[in-house]
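Residue 23 in my numbering sits at position 23 of the sequence shown; the count goes up by one each step and never skips. Using N, Cα and C, we set each Cβ at its ideal position, and we do this for glycine too. In what follows, a structure is listed as structure tokens, so that the remarks can point back to it.
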Amino acid sequence: MVAKHEKLLAGPIAVEKVTGERPHYSTYFRWTHYGIRLPNGKRIRLEFVKAGSKRLTSVSAVRRFFNATTAAVGESQILLENVDEDLAKEGFDLK
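This is how it looks when you write it as structure tokens:
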């Protein structure tokens with residue numbers, strides 16, 4: 001679940017902040033609705049909140065999603081783990 005302190009963004013924009021590329025909205029919809037099937041058969045979905053007809057997520061949720069899918073296939077590279085620094089950049093006071 002997206003935490004209360006996380007800044008909500010339109011999904012493709014949140015993904016763009018992590019990857020540098022904005023995915024098509026249908027890709028984002030699939031990640032939130034169907035998820036990605038992992039090698040063990042389980043599915044992982046991108047966390048989101050619904051605001052009217054929009055599906056909003058956070059940069060941290062996108063990183064958690066990518067980290068979980070990366071770890072599931074046995075890759076060792078994990079995306080930016082320093083979430084506190086990112087939250088500070090987004091204007092959240094962590095003190």
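Report buried or exposed for residue i, applying the criterion of at least 16 other Cβ atoms within 10 angstroms of its Cβ.
i: residue 58; result: buried
i: residue 34; result: exposed
i: residue 76; result: Since pLDDT at residue 76 reaches only 46, below the 50 mark, its modelled position is unreliable, and the value read off the structure follows with that caveat. So residue 76 counts as exposed.
i: residue 3; result: exposed
Just confirm the distance between the C-beta atoms of residue i and residue j, as a whole number of angstroms; I'd bet it's less than 8 Å.
i: residue 49; j: residue 8; result: 7 Å
i: residue 32; j: residue 11; result: 7 Å
i: residue 37; j: residue 30; result: Residue 37 to residue 30, Cβ: 11 Å. No contact.
Whose CA, out of the options, lies closest to the CA of residue i?
i: residue 63; options: 37, 4 and 14; result: 14
i: residue 39; options: 68, 25, 28 and 17; result: 68
i: residue 28; options: 45, 60 and 20; result: 45
i: residue 1; options: 56, 70 and 41; result: 56
Looking only at DSSP bridge pairs, what is residue i linked to?
i: residue 49; result: 56
i: residue 9; result: 57
i: residue 37; result: 43
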